[in-house]
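Heads up: the structure comes next, in structure tokens.
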Amino acid sequence: MASASETGARGERAAVEYLRQAGYEICALNWRAGRYELDIVARKDWILHFVEVKTRRRGSLTSPEDAITPQKFRALQRAATAYLARTGCELEFQFDLAAVETAPDGTMTVRLVEHAMEFHW
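For the sequence shown, my numbering assigns the number 4 to the initial residue and increments by one for each residue that follows.
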């Protein structure tokens, strides 16, 4: 059985592939600045997408959507602020969730939940 970090890395790869196939340009993967981290930063149609990836086993007690807590969202907000400041990017942006579920046979399904975390600056 894969470790949680291995499963998470596989989930991120599946999310990147999903986004690329949907026409997103991947700007950054696992972007870090100090203690801040963004899983995926992608661009499509002049909008910057900060995509948090949550991977769970199908049928798990907690869904990927349930894993986004207010504390996690505040951390994402701080990370996004740092990213925008460091890159000078002035595009409109939004926070999305790539909800990845793994089946017992190892296959993964990805659901993109746009505007998963509403945010007002």
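Backbone N, C-alpha and C fix where the C-beta goes; we use that ideal spot for every residue, glycine too.
Any non-hydrogen atom of the ligand GTP closer than 7 angstroms to residue i Cβ
i	result
F98	Looking at this structure, you won't find the ligand GTP or any other ligand, since it has none at all.
Residue i to residue j span [Cα, whole Å]
i	j	result
W124	P107	Note that W124 has pLDDT 37, beneath the 50 cutoff, so the model's placement of it is unreliable and no number is given.
W34	V19	14 angstroms
K75	T65	15 angstroms
G91	L41	16 angstroms
A119	L87	19 angstroms
F122	R60	Bear in mind that a pLDDT of 48 at F122, under 50, signals an unreliable position, so the number given afterwards is only what the model happens to contain. Their backbone Cα atoms lie some 28 angstroms apart in a straight line.
E25	L100	For clarity, residue 25 is Ala in the given sequence; the question names Glu instead. Distance between the alpha carbons of A25 and L100 is about 15 angstroms.
E68	R89	29 angstroms
A83	R38	12 angstroms
T10	S63	14 angstroms
A31	G109	26 angstroms
Residue i burial status per 10 Å Cβ neighbour count (16 or more: buried)
i	result
G14	buried
L94	exposed
K47	exposed
T105	buried
C-beta atoms of residue i and residue j nearer than 8 angstroms
i	j	result
F2	L51	In the structure as shown, the chain starts at 4 and stops at 124, and residue 2 therefore has no counterpart that could be examined.
A45	E28	yes
A12	M111	no
K57	V103	yes
E55	L22	no
A85	A36	yes
Query raised in the report: What are the start and end residues of each continuous beta strand (DSSP E) run of 3 or more residues lying completely inside the stretch 53-123, in chain order?
Result: Taking only runs of at least 3 residues, the beta strand (DSSP E) segments lying wholly in the stretch 53-123 are 95-105 and 111-116.
Report task. Scan the stretch 22-48 and note each continuous beta strand (DSSP E) run of 3 residues or more that stays entirely inside, going in chain order. Result -> With a minimum length of 3 residues, the unbroken runs of beta strand (DSSP E) contained wholly in the stretch 22-48 fall at 28-36 and 39-47.
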